[in-house]
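Student:
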Amino acid sequence: DAGVTQSPTHLIKTRGQHVTLRCSPISGHKSVSWYQQVLGQGPQFIFQYYEKEERGRGNFPDRFSARQFPNYSSELNVNALLLGDSALYLCASSLGSFSGANVLTFGAGSRLTVL
Amino acid sequence: AQKVTQAQTEISVVEKEDVTLDCVYETRDTTYYLFWYKQPPSGELVFLIRRNSFDEQNEISGRYSWNFQKSTSSFNFTITASQVVDSAVYFCALSEARGDDKIIFGKGTRLHILP
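As they're listed, the protein sequences go chains A and B. Per the working numbering, the very first residue in the first sequence carries number 5; after that it's consecutive. Per the working numbering, the very first residue in the second sequence carries number 45; after that it's consecutive.
#1: Check whether the Cβ atoms of residue 51(B) and residue 62(B) sit closer than 7 angstroms, and answer yes or no.
#2: Is the region 76 to 90 of chain B touching the region 125 to 144 of chain B in the sense that three or more CB pairs, one from each, lie closer than 8 angstroms?
#3: Expressed to the nearest angstrom, what Euclidean distance is found between the alpha-carbon atoms of residue 154(B) and residue 11(A)?
#4: Does the beta-carbon of residue 47(A) have 16 or more other beta-carbons within 10 angstroms, so that it is buried, or is it exposed?
#5: Put residue 64(B) into one of helix, strand or coil per three-state DSSP.
#6: Is there a C-beta anywhere in chain A that falls below 7 angstroms from the one on residue 92(B)?
#7: Can a CB atom of chain B be found closer than 7 angstroms to the CB of residue 59(A)?
#8: Any contact between the region 106 to 117 of chain A and the region 15 to 30 of chain A? By contact I mean 3 or more CB pairs, one from each, below 8 angstroms.
#9: Is the Cβ of residue 114(B) closer than 7 angstroms to any Cβ of chain A?
#10: Using DSSP with H/G/I as helix, E/B as strand and the rest coil, what is residue 86(B)?
#11: So what's residue 24(A) in DSSP terms, helix, strand or just coil?
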């Protein structure tokens, strides 16, 4: 079975541009979460989507947005890129139970460099 | 406020030595979940263990063992007879039972196993 797949794996943008990152969850998983991992730090929660609805949002500006499609894949969009947005963006999927005990399966990430 | 502290930024040991990675957490909730994830150079976070706040039994899985102590808010991870393949960044993480997949990660401990 395929794991969580993310695209693109690497990309370079300039300040002010827009970026779209894509994620396909494990088959059968209805929840997708996005995390940002800055170099040398742990991942930080950005969003969670479950059944196309936003279930959780981290402390990120409105330049960050996401959506989930009927096939449970997801996109993360970041507008007006800043240098500080350079990071590894990780997507994770889960069954999406409400307990908080979900084991997240992570993809290999999309490494974004903003120049 | 919830927080996870991994005081050891980087550890180097010689192969076959035992090594313990420390994790201290803060939460006001009585129901929560603790995790350890491994991040090899490929970038993908790999799930190792999940523990709920009501289960303080220590766990052993092969060369890996975990010691959970609520009295000291610690959830330490020991690798016995370390191997070069154990070299990675290890993250301790906390999830509060809020109904979403928000996980709070520590900053990670980079472990080098020297041959």
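Ideal Cβ positions, reconstructed from N, Cα and C, are used throughout, including at glycine. Predicted model, so just to flag it, every value in this text is computed and none were measured.
Tutor: On the basis of the coordinates in this document:
#1: no
#2: yes
#3: 26 angstroms
#4: buried
#5: Collapsing the DSSP output to three states places residue 64(B) in a strand.
#6: no
#7: yes
#8: yes
#9: no
#10: coil
#11: strand
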